[in-house]
Amino acid sequence: MTIASIDIGTNTILLLIAEIDTQLHELKVLENLQSIPRIGKGMIVNNPMPAENIERMMDVLTEYEKKIKKYNCEKILLTGTNALRIASNKSEIIAEVKNKFGYDLNIIPGNEEAQYSFIGAISGFRDNSKNLVIDIGGGSTEIIFGKGKEILFSKSFHIGVVSGTEKFFLSDPPSVKQIQNFIDYTRKIFSDLLEKDIDRTIAIAGTPTTLAAIKHKLKSYDEELIEGSSLTFEELNTFVAELSKLSYAEILDKYYQIVKGREDILLAGTIILRELLKLLNIEEVKVSTKGIRYGAIIKWLNLNYNSQS
364 MTIASIDIGT NTILLLIAEI DTQLHELKVL ENLQSIPRIG KGMIVNNPMP
414 AENIERMMDV LTEYEKKIKK YNCEKILLTG TNALRIASNK SEIIAEVKNK
464 FGYDLNIIPG NEEAQYSFIG AISGFRDNSK NLVIDIGGGS TEIIFGKGKE
514 ILFSKSFHIG VVSGTEKFFL SDPPSVKQIQ NFIDYTRKIF SDLLEKDIDR
564 TIAIAGTPTT LAAIKHKLKS YDEELIEGSS LTFEELNTFV AELSKLSYAE
614 ILDKYYQIVK GREDILLAGT IILRELLKLL NIEEVKVSTK GIRYGAIIKW
664 LNLNYNSQS
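Numbering (the working numbering), first residue to last: 364 to 672.
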């Protein structure tokens, strides 16, 4: 059967269309799309999502609907995360999406978001390793530790690339003091995390995939080249030093298409990733392009088509 999975994040909205084998639980990607409408822009907890943000989201869903119809998708999974989670008008948004598209928008709590992220990130590894998954989103960051498919620890932190940038980086480029304040805040937020006995660390979401693309000097996004590539702590240090010196326009000019839509939030994400590696004494992280949209499909398969695989 053909299934569509849409991940509505604070910064990006991602669409995965895949052909799935319900017996073997195998997934063949037919289409992977990304849009950056930043629906979490200016969001405050328990305040309504602004109408213009909702409009941008609906515009993206309208475009994605064309692809969904093209592939005659038999199932559509729509997953909302932090920006929708904190919106006081989430019920109205759910109703609007249902009314216009007929889709059921599932806004998941932070602990479930962490579960989806973990399931998606480890889907490419069929072993019993101890994995740490880092998912740096626009409004929150999820840390998940597990062995094989079993999650042993997960926590959602209220720090993300959009919210952090809007709160701390008040000039372009950010001042040395603004950057240091954000670093201090990041360290405080993650201070209760303890080192784990880890076989593999996997980072998902836009920050690590963009940094991997820059590292490989890609002119355009290439999922096959990015998937499974690595970033070291020292490389992240270098990225932080370099990005700190550039205005957003200079970042866009230097890397263009690879960072378009992320030029103002890439520094915040890189700092978060670097500080996590430093705190947990991790030298290298693997980059995965798989995340919530993959996890949503796998979880749906497990719930509806029992498999031991």
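Note that beta-carbon positions come from the ideal geometry of N, C-alpha and C, so glycine has one too.
Need the endpoints of the beta strand (DSSP E) that ASN469 sits in, please. Per DSSP, ASN469 is one residue of the beta strand (DSSP E) stretching across 468–470.
Which residues does DSSP list as the beta-bridge partners of THR504? ILE499 and PHE520
Please go through the same chain and pick out, in chain order, the residues whose beta-carbon is closer than 7 Å to the beta-carbon of TRP663, but skip the five residues on each side of it. Correct list, in chain order: LEU440.
If the criterion is Cβ atoms closer than 8 Å, does the pair VAL326 and THR633 meet it? Residue numbering for the chain in the displayed model covers 364 to 672; residue 326 lies beyond these limits and cannot be assessed.
Three-way DSSP call (helix, strand, coil) for SER538 in this model: coil
Is the separation between the beta-carbon of LEU598 and that of LYS578 shorter than 8 Å? Residue identity differs from the one stated: residue 598 is Glu in this sequence, not Leu. For GLU598 and LYS578, yes; Cβs fall inside 8 Å.
Assuming the contact rule is C-beta atoms closer than 8 Å, ILE635 and THR504 should be a hit. Round their C-beta distance to whole Å, please. Contact flag correct, Cβ pair sits at about 6 Å.
Please classify ARG637: does DSSP put it in a helix, a strand, or coil? ARG637 falls in the helix class under three-state DSSP.
Taking C-beta to C-beta, are TYR427 and ILE471 nearer than 8 Å? Cβ atoms of TYR427 and ILE471: not closer than 8 Å.
Enumerate in chain order the residues of its own chain whose CB-to-CB distance from LYS641 is below 8 Å, with the five nearest sequence positions on each side excluded. PHE596
What did DSSP end up calling SER672 once you bin it into helix, strand or coil? Note that SER672 scores 42 on pLDDT, short of 50, meaning its location in the model is unreliable and no value can be drawn from it.
Exposed unless 16 or more other CB atoms sit within 10 angstroms - verdict on ALA458: exposed
I believe ILE380 touches LYS430 by the beta-carbon criterion, under 8 Å. Please report the beta-carbon distance rounded to the nearest angstrom. 6 Å
So, is ASP562 buried or exposed, given that buried needs 16 or more other C-beta atoms within 10 angstroms? exposed
Evaluate contact between the segment 441–451 and the segment 391–411, counting only Cβ atoms and requiring at least three cross-stretch pairs below 8 Å. Counting Cβ pairs under 8 Å, three or more are found: they touch.
How long is the line joining the alpha carbons of CYS436 and THR365, rounded to whole angstroms? 5 Å
Supposed contact pair ALA576 and LEU594 - C-beta distance, whole angstroms, cut 8 Å: Not confirmed; about 11 Å, so no contact.
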